[in-house]
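Novice: Supplied in structure tokens, the structure appears directly below.
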Ligand SMILES: Cc1cc2nc3c(=O)[nH]c(=O)nc-3n(C[C@H](O)[C@H](O)[C@H](O)COP(=O)(O)OP(=O)(O)OC[C@H]3O[C@@H](n4cnc5c(N)ncnc54)[C@H](O)[C@@H]3O)c2cc1C
């Protein structure tokens, strides 16, 4: 068992950390305040090869795998968690799913742009009345012979109104439950009948756009069906097992950011004539954060390693996501306490950490849903895929 980085991983870590420091850090507070999505960050990531993970070079990828992609995403999300969506929204969502389930034509048409940063990606499953219960979605896709006609709406879609290409799930056989769902590739810039509405007011993740999408007789070319008709539910679960790594890694990174901030603050802030870090109760808080932070990171790497080696990873991905999001919420909550009043001011990032940490308990499967996955596999009710 090797707990160290390979030479390649160490190089990627340095590259991503340097990128985050130079290209993301200077804008964090400004973009947070203005709720501003700085698309050029994603373009620059593409130019540097930071979006090419998990994709072979023939489709514009960098040929590197899960361990490297998690390493890069971790460094980026540590600086601003909103940017975890770059790799998961472009690569682990659309690009990887098209690579696994798409036709050769689809791969060549969409994957290179998603890797280069020329295209921004998204994926849309959730609807206003269909969240955890994916099979209850109402959006329909009707086979019109020479095209598909999509009607219905999607809610809470990351990058919904800023993406160029997205995967959208809809019912092709509304009477068949989970066996009647199909997946479509949507070219948002060239499709009529889609209204994209920004969700302006949300609790956190301010520089990461979130949207409602309304489809009214949107004509989708026949060749944009991804994978087999009515097999979209399986495809969706396969994709979520990858994109959930974005939440797991992002949450672990957020927990590390809180810990680093708290260590610095506890060494600087003095009360009763000494740094507050000298008080045992603060030390206990730091020790607990460090334990959880280490565990979260190792669980993320374990899930990445399983994926790298093409071994079943659904349970371990859920464990990594569940544990990391608990660690992030606990760390952000503790940071707020350690920073005292300053934690409650806008001068320090504690408010942002707490707002952003809470998202992880809901996105890409709520904590309850991940517990049912872990328990279901442990109890033998479902296999670990
Ligand atoms: C900022 C943001 C970005 C998002 N980005 C995307 C995106 O890019 N694409 C996309 O498709 N979706 C996206 N979502 C939606 C997100 O994935 C869903 O919100 C999530 O799946 C939960 O669905 P819900 O909110 O409808 O909650 P519900 O499913 O209504 O759940 C409500 C509560 O009931 C609990 N619950 C539900 N079912 C069970 C059960 N069987 N057992 C135990 N408890 C249960 C849940 O744990 C939760 O506590 C995003 C959401 C947010 C907030």
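Numbering (our numbering), first residue to last: 1042 to 1426. Glycine included, each C-beta is placed from N, C-alpha and C at the ideal position.
(1) Using the C-alpha atoms, what's the distance from residue 1365 back to residue 1416?
(2) Can you tell me where the alpha helix (DSSP H) with residue 1161 in it begins and where it stops?
(3) According to DSSP, is residue 1260 part of a helix, a strand, or is it coil?
(4) Take the Cβ of residue 1043 as the centre, count every other Cβ of all protein chains shown within 10 Å, and call the residue buried at 16 or more, exposed below.
(5) Here's the rule I'm using: 16 or more other beta-carbon atoms within 10 Å means buried, otherwise exposed. How should residue 1323 be labelled?
(6) Going by C-alpha distance, which of 1341, 1385, 1183, 1424 is nearest residue 1113?
(7) Residue 1060: buried (16+ other C-beta within 10 angstroms of its C-beta) or exposed?
(8) Residue 1423 by DSSP, collapsed to three states: which one?
(9) Could you tell me the alpha carbon to alpha carbon distance between residue 1079 and residue 1071, rounded to whole angstroms?
(10) For residue 1236, which residues in the same chain have their Cβ closer than 6 Å to its Cβ, ignoring the five residues on either side in sequence?
(11) Look at the alpha carbon of residue 1287 and the alpha carbon of residue 1314, and state the distance between them as a whole number of angstroms.
(12) Quick check on residue 1238: does DSSP put it in helix, strand or coil?
(13) Please report the straight-line C-alpha distance between residue 1222 and residue 1208, rounded to a whole angstrom.
(14) Could you give the first and the last residue of the continuous alpha helix (DSSP H) run that contains residue 1087?
(15) Hey, quick one: how far does the alpha helix (DSSP H) through residue 1365 stretch, first residue to last?
(16) On the three-state DSSP scale, how would you describe residue 1096?
(17) I need the boundaries of the beta strand (DSSP E) containing residue 1395, first residue and last residue.
(18) Under three-state DSSP, which class holds residue 1045?
(19) Could you tell me the distance, in whole angstroms, from the CA atom of residue 1363 to the CA atom of residue 1402?
(20) Could you tell me the alpha carbon to alpha carbon distance between residue 1108 and residue 1068, rounded to whole angstroms?
(21) Tell me whether residue 1331, by its Cβ, gets closer than 7 Å to a heavy atom of ligand 1.
(22) What are the boundary residues of the alpha helix (DSSP H) that residue 1431 is part of?
(23) Counting pairs of beta carbons, one from the stretch 1191–1199 and one from the stretch 1237–1257, are three or more of them closer than 8 Å?
(24) Does DSSP classify residue 1209 as helix, strand or coil?
(25) Using a 10 Å radius around the Cβ and a threshold of 16 neighbouring Cβ atoms, would you call residue 1377 buried or exposed?
(26) Alpha helix (DSSP H) containing residue 1108: first to last residue?
(27) Any heavy atom of ligand 1 closer than 7 Å to the Cβ of residue 1062?
(28) Determine the closest residue to residue 1054 out of 1075, 1074, 1118, with distance taken between C-alpha atoms.
(29) Given residue 1218, which residues of its chain have a CB within under 8 Å of its CB, disregarding the five upstream and five downstream residues?
(30) According to DSSP, is residue 1202 helix, strand or coil?
(31) Nearest to residue 1115 by alpha carbon, out of 1090, 1139, 1057?
(32) Assuming residue 1140 contacts residue 1148 (C-beta within less than 8 Å), just tell me the rounded distance between them.
(33) Between which residues of its own chain and residue 1274 is the CB-CB distance below 6 Å, once the five residues before and five after are set aside?
(34) Whole alpha helix (DSSP H) runs in the stretch 1271–1317 with 4 or more residues, listed along the chain?
(35) Exposed or buried, what is residue 1298 when buried is set at 16 or more other beta-carbons lying within 10 Å of its beta-carbon?
(36) Quick check on residue 1370: buried or exposed, where buried means 16 or more other Cβ atoms within 10 Å of its Cβ?
Specialist: Taking the coordinates as given:
(1) Going by the C-alpha atoms only, they are around 17 Å apart.
(2) Unbroken run through residue 1161: none, as it is neither H nor E.
(3) Look at residue 1260 here: in three-state DSSP terms it is strand.
(4) Residue environment for residue 1043: exposed (fewer than 16 other C-beta atoms within 10 angstroms of its C-beta).
(5) With a threshold of 16 other beta carbon atoms within 10 Å, residue 1323 meets it and is buried.
(6) The option with the nearest alpha carbon to residue 1113 is 1341.
(7) Within a 10 Å sphere around the beta-carbon of residue 1060 sit 16 or more other beta-carbons, which makes this residue buried.
(8) Three-state DSSP puts residue 1423 in coil, outside helix and strand.
(9) Each residue's Cα considered, the two are about 11 Å apart.
(10) The residues are 1255.
(11) Each residue's alpha carbon lies about 43 Å from the other.
(12) Under the three-state reduction of DSSP, residue 1238 is assigned to strand.
(13) In this structure, the CA atom of residue 1222 is about 13 Å from the CA atom of residue 1208.
(14) Counting along the chain, the alpha helix (DSSP H) containing residue 1087 begins and ends at 1080–1089.
(15) Where residue 1365 is concerned, the enclosing alpha helix (DSSP H) stretches over 1355–1379.
(16) Residue state, collapsed to three classes: coil.
(17) Element bounds for residue 1395: not the beta strand (DSSP E) but the alpha helix (DSSP H), 1391–1400.
(18) The answer is coil: DSSP assigns residue 1045 none of H, G, I, E or B.
(19) For residue 1363 and residue 1402, the distance between alpha carbons rounds to 8 Å.
(20) In this structure, the CA atom of residue 1108 is about 28 Å from the CA atom of residue 1068.
(21) Incorrect: residue 1331 has no Cβ contact closer than 7 Å to ligand 1.
(22) This structure does not reach residue 1431, given that the chain is present from 1042 up to 1426, and the question cannot be answered.
(23) The answer is yes - the stretch 1237–1257 touches the stretch 1191–1199, with three or more Cβ pairs under 8 Å.
(24) Residue 1209: strand per DSSP, three-state reduction.
(25) Burial state of residue 1377 is buried, judged by a 10 Å Cβ sphere holding 16 or more other Cβ atoms.
(26) Where residue 1108 is concerned, the enclosing alpha helix (DSSP H) stretches over 1107–1120.
(27) No, Cβ of residue 1062 sits at least 7 Å from all heavy atoms of ligand 1.
(28) For residue 1054, the closest of 1075, 1074, 1118 by C-alpha to C-alpha distance is 1118.
(29) Excluding sequence neighbours, residue 1218 sits near 1176.
(30) Coil.
(31) Nearest of 1090, 1139, 1057 to residue 1115, Cα basis: 1057.
(32) Contact between residue 1140 and residue 1148 is confirmed by a C-beta separation of about 6 Å, below the 8 Å threshold.
(33) So the list reads 1219, 1222, once near-sequence residues are dropped.
(34) DSSP runs (the alpha helix (DSSP H)) wholly in the stretch 1271–1317: 1273–1309.
(35) Classification for residue 1298: buried.
(36) So residue 1370 ends up on the buried side.
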